[in-house]
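Number of protein chains: 2
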Amino acid sequence: MAPRPAGRPRAFDRDEALRHAAHLFWQHGFSGTSTRMLTAALGISSSSLYAAFGTKADLFAEAIRSYALRYSAIYERAVAEPTAAAVVERLLLESVTEFTRTDEGHPGCLTSSAVMADTSSTFDVRKYVAGLQRTDEARLRGRLEQAARAGELPPTVQATMLADLVQTLWQGLSTRAELGATREELIAVATFAITLIPQESTNS
Amino acid sequence: MAPRPAGRPRAFDRDEALRHAAHLFWQHGFSGTSTRMLTAALGISSSSLYAAFGTKADLFAEAIRSYALRYSAIYERAVAEPTAAAVVERLLLESVTEFTRTDEGHPGCLTSSAVMADTSSTFDVRKYVAGLQRTDEARLRGRLEQAARAGELPPTVQATMLADLVQTLWQGLSTRAELGATREELIAVATFAITLIPQESTNS
DNA sequence: CAGATTATGGAGCGAATGATTCAGAATAGA
DNA sequence: TCTATTCTGAATCATTCGCTCCATAATCTG
Numbered sequence: 000m001a002p003r004p005a006g007r008p009r010a011f012d013r014d015e016a017l018r019h020a021a022h023l024f025w026q027h028g029f030s031g032t033s034t035r036m037l038t039a040a041l042g043i044s045s046s047s048l049y050a051a052f053g054t055k056a057d058l059f060a061e062a063i064r065s066y067a068l069r070y071s072a073i074y075e076r077a078v079a080e081p082t083a084a085a086v087v088e089r090l091l092l093e094s095v096t097e098f099t100r101t102d103e104g105h106p107g108c109l110t111s112s113a114v115m116a117d118t119s120s121t122f123d124v125r126k127y128v129a130g131l132q133r134t135d136e137a138r139l140r141g142r143l144e145q146a147a148r149a150g151e152l153p154p155t156v157q158a159t160m161l162a163d164l165v166q167t168l169w170q171g172l173s174t175r176a177e178l179g180a181t182r183e184e185l186i187a188v189a190t191f192a193i194t195l196i197p198q199e200s201t202n203s
Numbered sequence: 000m001a002p003r004p005a006g007r008p009r010a011f012d013r014d015e016a017l018r019h020a021a022h023l024f025w026q027h028g029f030s031g032t033s034t035r036m037l038t039a040a041l042g043i044s045s046s047s048l049y050a051a052f053g054t055k056a057d058l059f060a061e062a063i064r065s066y067a068l069r070y071s072a073i074y075e076r077a078v079a080e081p082t083a084a085a086v087v088e089r090l091l092l093e094s095v096t097e098f099t100r101t102d103e104g105h106p107g108c109l110t111s112s113a114v115m116a117d118t119s120s121t122f123d124v125r126k127y128v129a130g131l132q133r134t135d136e137a138r139l140r141g142r143l144e145q146a147a148r149a150g151e152l153p154p155t156v157q158a159t160m161l162a163d164l165v166q167t168l169w170q171g172l173s174t175r176a177e178l179g180a181t182r183e184e185l186i187a188v189a190t191f192a193i194t195l196i197p198q199e200s201t202n203s
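Chains as they are written, first to last, in numbering that gives the first Met the number 0: chain A, 0 to 203; chain B, 0 to 203.
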């Protein structure tokens with residue numbers, strides 16, 4: 000269903016190139032990454048890069064889009080857990096694992112790279128990422144409110160407040176990953192935070 | 000005690016120029032902010048800028064330092080509190096207030112702006128900021144370890160771990176401030192988080 | 001006043017930037 | 001094989017970059 004198009008075939012793996020590019024963007028930022036750094040790292044010429052991805056801003060936008068979806072997927076899997084505690088635990092731990100991935104040229108956490116405003120691409124990266132995160136937050140809040148109605152949370156704990164707290168932790172873990180914290184450190188922090196969240200009677 | 004030096008006096012306010020420069024750097028990052036943007040926004044010529052601040056990296060570093068000092072001051076005041084709980088509370092609440100300042104052209108929070116996302120080959124921004132924050136983190140950790148030795152914390156709570164958690168919350172609050180959260184929301188989150196931190200017997 | 005000192009604006013340097021052009025190479029369908 | 005199509009590498013375009021030079025202006029001390 001993906002018929003080889005006419006013409007000379009591309010001599011490099013587009014997906015792999017995209018991953019390398021994302022890695023560079025994550026390390027140096029948008030303006031901090033030059034097209035020459037990209038072509039050198041990808042091992043292709045400038046014209047090949049432009050033919051495959053368009054302008055630098057287009058390439059950046061595509062990199063952001065392809066990786067931002069991973070976070071949404073984590074939220075989606077997390078809220079499917081049966082209890083509020085399991086939801087929070089899975090969300091934080093899987094996110095930490097994702098933030099600190101270094102294998103296969105994975106770019107790490109792109110959230111703060113996305114904050115850049117001056118891309119001037121036709122695609123508004125900032126707005127896109129902000130919207131995606133709003134959706135994720137809403138999903139978590141909805142799930143915790145549902146848990147509250149099910150009596151999973153002590154009456155002193157408002158679901159919205161707990162969602163805000165988890166979200167704050169999530170952002171903090173992301174930032175610390177970017178500052179160089181190791182996976183073990185962040186997992187320890189996340190685990191510790193989870194133990195502090197009060198649950199209804201069944202435990203502690 | 001600040002005798003007017005010989006020579007032609009500077010025609011612009013150095014501190015105000017530094018604030019403007021910081022504002023631009025926060026918005027566009029280091030490599031995203033050109034010297035021409037700076038001179039245009041500051042209303043001065045290139046030679047004046049270089050005479051007053053040195054290179055672009057020097058100007059950037061000075062801008063970072065001047066704002067990092069605010070956070071250091073908060074940490075310093077916080078660790079002077081008599082109890083661990085008071086330390087954490089003061090740290091988080093005062094930081095939130097600082098993060099959400101909007102007066103006098105305050106450029107917003109340093110740590111989660113575009114500053115962190117945009118580096119250059121000649122200046123490793125992340126490493127520089129991380130280094131400045133390490134001092135604050137060490138101060139907090141030392142204070143909590145002291146509290147642990149004084150028996151203020153339950154034996155199940157390691158001081159280092161608690162410090163890491165508070166630090167993670169701090170980063171998260173900063174990011175959420177940058178994303179547009181209001182002061183009231185963040186204060187509510189911080190207050191809620193503080194209530195979850197266990198204390199030794201004297202208070203439930 | 002004269003001499004020393006410092007700041008200013010404008011011009012412009014060499015290097016790097018994002019992006020394009022173009023002749024040629026590699027494929028598909030006919 | 002021939003034509004249409006697509007990709008490649010090298011050269012290179014115009015622009016912008018960080019930064020400096022320099023003649024001049026404004027202030028100091030004496």
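Every residue gets a Cβ at the ideal spot worked out from N, C-alpha and C, and that includes glycine.
Open item on the list: Please report whether the beta-carbon of T159(B) lies at a distance below 7 Å from any beta-carbon of chain A.
Closed with: T159(B) does not count as touching chain A.
Open item on the list: Suppose you measure from the CA of T167(A) to the CA of T38(B); what does that come to, to the nearest Å?
Closed with: Taking the straight line from one Cα to the other gives about 37 Å.
- [ ] Using a Cβ cut-off of 7 Å (strictly closer), state whether V188(A) contacts chain B.
- [x] yes
Open item on the list: Relative to the C-alpha of F59(A), which candidate in G31(A), M36(A) and A21(A) has its C-alpha closest?
Closed with: A21(A)
- [ ] Tell me, please, whether the CB atom of N202(B) is closer than 7 Å to any CB atom in chain A?
- [x] Only weak support exists for where N202(B) lies, its pLDDT of 44 falling under 50; the value from the coordinates is given anyway. No, no contact with chain A.
TODO: Check whether the Cβ of G141(A) lies closer than 7 Å to any Cβ atom in chain B.
DONE: no
Open item on the list: Residues of the stretch 123-135 of chain B in Cβ contact with chain A at a cutoff of 9 Å, in chain order, please.
Closed with: For chain A, the residues of the stretch 123-135 of chain B that bring a beta carbon within less than 9 Å of one of its beta carbons are V124, R125, K126, V128, A129 and Q132, in chain order.
Task: Ordered list of alpha helix (DSSP H) runs contained in the stretch 120-180 of chain B, each at least 4 residues - done: For the stretch 120-180 of chain B, whole alpha helix (DSSP H) runs of length 4 or above, ordered along the chain, are 124-148 and 158-177.
- [ ] Check whether the Cβ of G130(B) sits closer than 6 Å to any heavy atom of the ligand NAP, and report yes or no.
- [x] Judged by which ligands are present, the structure shown has none, so any question about the ligand NAP falls away.
Task: Where R175(B) meets chain A, residues with beta-carbon distance less than 7 Å - done: The contacting residues are T167 and Q170.
Open item on the list: Here's a check: name, in chain order, each residue in its chain whose Cβ is nearer than 7 Å to the Cβ of R175(B), leaving out the five neighbours to either side.
Closed with: L185
- [ ] Sort T54(A), R182(A) and S47(A) by Cα distance to F122(A) and report the nearest one.
- [x] T54(A)
TODO: Report all residues from its chain with a CB closer than 7 Å to the CB of A83(B); omit the five preceding and five following residues, and keep chain order.
DONE: L143, A146, E151 and L152
Open item on the list: For A67(A) and R9(A), which I take to be in contact (beta-carbon distance under 8 Å), what is that distance rounded to the nearest angstrom?
Closed with: Actually they are not in contact, since the Cβ atoms of A67(A) and R9(A) sit about 25 Å apart, beyond 8 Å.
Task: Inter-stretch contact at 8 Å, needing at least 3 Cβ pairs: the stretch 177-194 of chain A / the stretch 85-97 of chain A - done: yes
- [ ] Spell out a yes or no on whether the stretch 31-50 of chain B and the stretch 120-135 of chain B are touching, meaning 3 or more CB-CB pairs, one atom from each, closer than 8 Å.
- [x] no
- [ ] Specify, as a first and last residue, the run of the alpha helix (DSSP H) that S30(A) falls within.
- [x] Taken as a continuous stretch (DSSP letters only), S30(A) belongs to no alpha helix (DSSP H), as it is neither H nor E.
- [ ] Identify the contact partners of D117(B) in chain A, using a Cβ-Cβ distance below 8 Å as the criterion.
- [x] H27, G28, F29, S30, G31 and M115
Open item on the list: Tell me which residues share the same chain as H19(B) and place their Cβ nearer than 6 Å to its Cβ, disregarding the 5 neighbours each side in the sequence.
Closed with: Only A40 and L41 meet the Cβ criterion.
- [ ] Say whether chain B places a C-beta atom closer than 7 Å to the C-beta of A192(A).
- [x] yes
Open item on the list: Does L109(B) come out as helix, strand or coil in the three-state DSSP assignment?
Closed with: Looking at L109(B) - three-state DSSP - the assignment turns out to be coil, as it is neither helix nor strand.
TODO: Excluding the 5 residues preceding and the 5 following L131(B) in the sequence, name in chain order all residues of the same chain whose CB lies nearer than 6 Å to its CB.
DONE: Around L131(B): A67.
Task: Euclidean distance between Cα positions of A56(A) and H27(A) - done: In this structure, the CA atom of A56(A) is about 14 Å from the CA atom of H27(A).
TODO: Just the chain B side, please: which residues come within less than 7 Å of I196(A) by C-beta, in chain order?
DONE: L195
Task: 8 Å contact criterion, which A77(B) and E93(B) should meet: CB distance rounded - done: About 7 Å separates the two Cβ atoms, so the contact holds.
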